[in-house]
Amino acid sequence: MRERLVLAVLSGRALKIDRIRADSDAPGLADYEITLLKLLDAVTNGTEVRISHTGTQLVFSPGVLVGGPVDLEIPPSRAVGYYLEALIAVAPFAKKPVAATLHGGAITACEGTHRAFTDASADTLRTATLPFLSRAYGLDAAGLELQVVRRGAPPLGGGSVRLVVQPAHPASLRPAQGLTDAGRIRKIRGVAACTRVSPALATRIANSARAVLTRYIPDVYVYADAARKEQAGASPGFSLSLVAESTTNIIYTADVAARPRTEDDDGALNDPEQLGETCAKGLLEAIAQGACVDRAVEWLALVFAVTCSDDVSKLVLPRRGEYGLDKITIQYLRDLHTFFNVQFKISEPTSDTVQLAGVGVGYNGIFRKVV
């Protein structure tokens, strides 16, 4: 739903969604989806949102994307990355700079029951996603700023972040560059964070990850960040964000956060050494696939490939599924065609990767509302 709402805002097309979890024990929109609608409404002017009394039907008519200051309380059910990625996708096309402060949620990577993948942490967005968009599509690096004001861990969250994005000039958004050659890994960086626990846990996480990664390359540095008192959220927790960078400026990421043990959950992850090792192995698996677009930035890469200047963008993605792409990516490509009438050419997949090529629409942020 988030991706479709973002595409609706950028294209100016109205969106209607029926039977939202109609057969679920908790039917209708979730709290984080309501919050996302509030966030998109805050950066637009004239947006209309209609939700049925059961919450299972949504009609979203986007207004003009204007940007401006935003101060929003978010629930801890999803990591802050869920909301920040939506802002990063639309903010460069706003009329005014977007200065958003989101507080109350989890800053670390966060998992839940309604999604197949982990939400990115604020650390990964700051050290990987924003630099990736700047290098690949020409966004002004000086106009992208993400600051972690207060760290927060699930389940109670209590974190706070500030994102500032300056409007991008349409002529500066170029087609994807350098996303076809993976190169060789030259350095790995990371942030091991903890809140309301012993600072030694962050050091143990960093040492565990470093022990795995230094067998691969020697240039590995993992920073231990222990938040205390006013800089810590409402729950104890710890996490690790890792970013690898290649000689061709390709990035790979891995995000893992502690998962407390519950009565019916066998997937608990509350050992610092195990967490560090799990995250490090996840990063090495992403590198081994040989793709040039990491899964964490894939949907954003496709958005900017469509909205950039009208030239060809080529992206090499990791192969997933029988046909090279999984159902989620295929559906997203269909949504891009629905909203922007852009089709991607999918090359014959290799053993590990698949190449997509598409022409941007030269998006300039000015559209006519479609009724």
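Per the working numbering, the very first residue in the sequence shown carries number 205; after that it's consecutive.
All C-beta atoms in this analysis are idealised placements derived from N, C-alpha and C, irrespective of residue type, glycine included.
Asked: T260 beta carbon less than 8 Å from that of A234; Found: no
Asked: Buried or exposed (CB count within 10 angstroms, at least 16 for buried), Y527; Found: exposed
Asked: Beta-carbon proximity check, P476 vs S412, cutoff 8 Å; Found: yes
Asked: Test item: CB-CB of T482 and V460 under 8 Å; Found: yes
Asked: Exposed unless 16 or more other CB atoms sit within 10 angstroms - verdict on A436; Found: buried
Asked: Of the listed residues I455, S376 and A295, nearest to K391 (C-alpha basis); Found: I455
Asked: Meets three-Cβ-pair contact criterion under 8 Å: the segment 364-379 and the segment 407-423; Found: no
Asked: Under 8 Å between C-beta atoms of F264 and L219; Found: yes
Asked: Assigned secondary structure, A415 (DSSP; H/G/I helix, E/B strand, else coil); Found: helix
Asked: Enclosing alpha helix (DSSP H) for T482 [first to last residue]; Found: P476 to A492
Asked: Y287 and L329 closer than 8 Å at C-beta; Found: no
Asked: Beta-carbon gap between D514 and V563 smaller than 8 Å; Found: yes
Asked: Sequence-distant residues of its chain with Cβ nearer than 7 Å to V565 (five each side left out); Found: V510, T511, D514, F544 and V546
Asked: C-alpha distance - L537 paired with V501, whole-angstrom precision; Found: 15 Å
Asked: Exposed unless 16 or more other CB atoms sit within 10 angstroms - verdict on R419; Found: exposed
Asked: Counterpart residues of L265 in DSSP-defined beta bridges; Found: According to the sequence shown, residue 265 is Ser rather than Leu. Answer by DSSP bridge pairing, in chain order: E252.
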